[in-house]
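Sequence order for the protein chains is A and B. Per this note's numbering: the first sequence ends with 345, consecutive numbering throughout. Per this note's numbering: the second sequence ends with 345, consecutive numbering throughout. One structure below.
2 protein chains.
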Amino acid sequence: MATANIKEVARHAGVSLGTVSNVLNRPDTVAPATRQRVLDAITTLGYVRNDSARQLRAGRSRTVAIVVLDVANPFFTDVVRGAEQVIEAAGAMLVVCNSGEDGARERRHLELLEEQRVRGVLITPVDHGPQPVLDKLIERGIPVVLVDRGTGRANRCSVAVDDVLGGRLAMDHLLDQGHHRIAYLGGPLTIAQVADRHAGAAAAVQDRGSTADLRVAVTTNLTVAAGRHAAEELLALPVRKRPTAVFCANDLIALGVLQELTARGVRVPSDVAIVGYDDIEFAGAAAVPLSSVRQPRDQLGRAAAELLLEEAESGDTHRHRHVVFQPELVVRRSSDQPRRTRR
Amino acid sequence: MATANIKEVARHAGVSLGTVSNVLNRPDTVAPATRQRVLDAITTLGYVRNDSARQLRAGRSRTVAIVVLDVANPFFTDVVRGAEQVIEAAGAMLVVCNSGEDGARERRHLELLEEQRVRGVLITPVDHGPQPVLDKLIERGIPVVLVDRGTGRANRCSVAVDDVLGGRLAMDHLLDQGHHRIAYLGGPLTIAQVADRHAGAAAAVQDRGSTADLRVAVTTNLTVAAGRHAAEELLALPVRKRPTAVFCANDLIALGVLQELTARGVRVPSDVAIVGYDDIEFAGAAAVPLSSVRQPRDQLGRAAAELLLEEAESGDTHRHRHVVFQPELVVRRSSDQPRRTRR
DNA sequence: AACGACGCATGAAACGATTCAGGAGGGCTC
DNA sequence: GAGCCCTCCTGAATCGTTTCATGCGTCGTT
């Protein structure tokens with residue numbers, strides 16, 4: 003019942019504790035014959051290392067945690083997969099924690115992770131204000147890497163995508179297509195990503211000296227349902243005031259808009275063009291494939307994981323870095339139809 | 003730097019080790035004044051429990067693992083969320099591991115989890131043959147609960163949804179709508195769910211004594227791309243031989259089919275009706291909202307977690323159970339148009 | 001023959017928490 | 001005031017691993 007321990011293995015193989023440990027950790031320092039005896043003992047006893055003891059001795063664990071806002075959001079699942087690759091290749095283990103956009107849950111998770119002395123934490127924090135909990139982790143020597151939150155602080159690394167540029171790309175595209183009345187859908191504006199994407203869109207209009215009308219419709223969150231709701235409001239406008247294009251803060255909203263418009267007989271893109279953000283898998287698979295601003299999601303995860311491992315290994319000599327990726331516009335059918343210039 | 007330990011706390015508060023431990027674990031056995039002194043020492047020293055030491059002593063950890071086939075699949079993310087609720091409510095922690103449908107990765111994960119002496123494992127195994135790795139875990143006293151794999155073995159609990167019934171529901175619906183040529187899309191058939199759903203569909207045809215023609219098109223996996231590919235093959239058939247309805251083994255395939263058909267000018271549901279499976283969020287949000295067989299995904303996760311905790315606590319007195327949920331057909335536009343009876 | 005070097009193996013000493021048998025002191029009963 | 005119970009606290013023993021100073025041969029060099 004009680005799993006065999008290293009001592010029993012030693013006794014069974016007729017060697018000392020230290021030798022078994024050496025077989026496990028530095029096999030080449032043990033004579034082949036002895037090594038084999040030990041290995042045999044291990045298999046016949048069904049010995050399995052006890053990680054708690056290992057960690058206790060080592061003072062730190064071999065697991066890395068990632069705390070995401072929503073495990074069910076395709077954006078984050080892809081980030082997780084990217085991080086996973088790097089972490090597992092390094093022989094460590096990635097545990098995924100879900101804050102569900104809830105600060106209290108986030109804090110509970112971080113406390114548990116601290117008790118576990120995890121090797122490091124990748125996190126997209128719920129709040130983007132000052133973060134005493136994170137600072138505490140860092141003081142304790144647990145590296146923290148911010149994921150997808152631009153302005154990293156001085157005591158930690160960060161990876162992010164240039165959301166202002168993303169907004170600019172989307173808007174430039176819509177302006178190129180000849181649109182003049184354009185709506186930006188997203189919210190709440192307290193979310194940095196939502197605000198930045200809008201700022202980029204506005205900057206694009208301004209830089210061109212365009213007379214285009216860009217207005218914002220704030221949604222309560224970033225879900226499909228919010229998109230449907232926003233579309234209803236657009237449809238309530240008289241046709242001549244209705245935007246001919248909408249730029250959505252993420253693809254879930256865009257999909258909601260698409261669905262509602264199609265259901266009401268408004269055609270995409272001929273009546274209304276749509277551009278989303280994130281380029282999740284379901285964007286290209288929508289019945290009217292969705293134009294979207296692609297973020298290198300798995301790269302984001304990979305880069306974050308690499309920074310973390312680097313910091314964990316190099317220790318004090320580490321210099322914090324802030325990696326920023328460039329987004330990329332993917333034009334698909336939902337916005338691919340130049341509009342005859344008219345007002 | 004090195005985090006304070008319980009000994010320093012004891013010294014700082016002028017008490018013994020045991021007292022500090024009591025404050026932490028049995029606060030009411032310590033006199034209020036002493037307790038407060040200890041708590042003060044804890045905060046001033048910034049003491050954080052060391053979970054490794056705790057676990058080593060206790061012999062087991064307070065974390066539960068869930069091993070899923072694909073973290074990015076909306077079906078599994080919802081199962082995870084369900085399990086999470088129960089596990090966290092019990093003061094434990096859920097770690098999510100991704101096997102990516104790869105048996106080797108699954109095994110590596112299980113080995114690591116065993117080293118960590120996790121409290122239990124929820125798993126949707128990659129293979130449904132005999133599972134020596136899982137048996138080994140169980141022998142070691144680590145409870146295992148199968149998720150979404152019907153035929154649980156005698157030494158473990160399981161939760162599942164009746165896939166045969168689900169297939170039957172879908173097919174009954176399509177037959178009711180007057181369809182006579184129907185295709186089942188899914189694969190590989192070695193996946194129990196894929197086979198069971200087909201079995202249900204076939205049984206429905208037979209039980210009615212229907213003359214309907216149900217044929218299977220096997221896909222290589224269960225993704226959107228596979229659905230698109232399958233749709234292309236359907237379109238290669240002459241119209242008079244082409245199925246008027248397709249039943250897909252999951253929603254990702256169904257979305258792929260929908261996209262490809264729409265892109266080729268085939269209308270859904272009037273030319274071809276579609277029914278999917280899982281009822282993921284994007285099913286209802288598709289441009290032609292998708293009929294689908296709904297599985298109680300979060301309940302699945304919750305039930306699995308509850309069985310696990312129960313087993314972990316009751317120990318030997320535990321009797322393994324196999325919970326089976328009923329699926330439910332959700333009819334949406336993609337199949338909601340009775341067909342004039344004709345052959 | 002003496003010496004160092006080297007290869008292997010040893011086992012005691014950590015790591016930090018929990019547990020538990022036991023002790024100190026105070027108050028109560030008879 | 002003896003005996004007893006209670007409350008509160010103590011500290012050694014324990015969990016299983018890793019590490020490291022040490023020991024013991026053997027071999028090659030001088």
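Ideal placement from N, C-alpha and C gives every residue a C-beta, glycine not left out.
Counting along the chain, residue 252/A sits inside no beta strand (DSSP E), nor does DSSP assign it H or E at all. Annotation: residue 146/B to residue 113/A spans about 27 Å, alpha carbon to alpha carbon. Residues of the segment 30-59 of chain A with a C-beta atom less than 9 Å from some C-beta of chain B are 48, 50, 51, 52, 53, 54, 55, 56, 57, 58, 59, listed in chain order.
Using a Cβ-Cβ cut-off of 7 Å, residue 78/B does not count as an interface residue toward chain A, since no Cβ of chain A sits closer than that to its own.
Scanning chain A for C-beta atoms nearer than 7 Å to the C-beta of residue 264/B yields 289, reported in chain order. Nearest CB-CB separation between residue 339/A and chain B: not below the 7 Å threshold. Assignment of beta-bridge partners to residue 95/B by DSSP yields 65/B. Contact annotation for residue 173/B against chain A: no contact, minimum CB-CB distance about 24 Å [criterion: below 8 Å]. When the Cα atoms are used, residue 295/A and residue 205/B turn out to be separated by approximately 46 Å. Secondary structure of residue 239/A (DSSP, three-state): coil.
In this model, residue 208/A and residue 173/A are separated by some 11 Å (Cα to Cα). Taking all protein chains shown into account, residue 21/B has 16 or more neighbouring C-beta atoms within 10 Å of its C-beta and is therefore buried. Along the segment 73-99 of chain A, going in chain order, the ones with a CB nearer than 7 Å to a CB of chain B are 73, 74, 76, 79, 80, 82, 83, 86, 95, 97, 98. Nearest to residue 185/B by alpha-carbon distance, out of 9/B, 192/B, 171/B, 220/B, is 220/B. When 9 Å is used as the limit between beta carbons, residue 246/A is near no residue of chain B, the shortest such separation being about 19 Å. When the Cα atoms are used, residue 64/B and residue 275/B turn out to be separated by approximately 48 Å. Excluding five sequence positions before and after residue 258/A, the CB atoms of its chain that fall closer than 6 Å to its own CB belong to 226, 229, 230, given in chain order.
Assigned with DSSP and collapsed to three states, residue 205/B falls in helix. Only residues of its own chain outside the window of five on either side were considered, and among them 199, 202, 279, 295, 329 have a CB closer than 7 Å to the CB of residue 168/A, listed in chain order. For the segment 267-287 of chain B, the residues whose beta carbon sits under 7 Å from a beta carbon of chain A are, in order, 283, 284, 287. When Cβ-Cβ separations below 7 Å define contact, residue 133/A makes no contact with chain B.
Residue contact check for residue 226/A against chain B: a CB pair falls below 7 Å.
For residue 118/A, the closest Cβ of chain B is nearer than 7 Å.
Per DSSP, reduced to three states, the secondary structure at residue 165/A is helical. When the five nearest sequence neighbours on each side are left out, the beta carbons in the same chain lying within less than 6 Å of the beta carbon of residue 327/A are those of 163, 298, in order along the chain. A direct Cα-Cα distance of roughly 24 Å separates residue 43/A from residue 133/B. Using a Cβ-Cβ cut-off of 7 Å, residue 261/B counts as an interface residue toward chain A, since at least one Cβ of chain A sits closer than that to its own. The C-beta distance from residue 28/B to residue 117/A rounds to 18 Å, too long to fall under 8 Å, and the pair is not in contact. Contact of residue 257/A with chain B is assigned, a C-beta pair being separated by under 7 Å. Using beta-carbon distances, residue 239/B does not count as an interface residue toward chain A, since no partner is under 7 Å. The C-alpha of residue 127/B is placed about 24 Å away from the C-alpha of residue 256/B. Within chain B, 142 have C-beta atoms less than 7 Å from the C-beta of residue 5/A, given in sequence order. Within 7 Å of the CB of residue 19/A, no CB atom of chain B is found; the nearest one sits about 16 Å away.
No residue range can be given for residue 318/A, since it is assigned to no beta strand (DSSP E) and is classified by DSSP as neither H nor E. Of all residues in the segment 293-306 of chain B, none comes within less than 8 Å of chain A when Cβ atoms are compared. Secondary structure at residue 27/B: helix, using DSSP grouped into helix, strand and coil.
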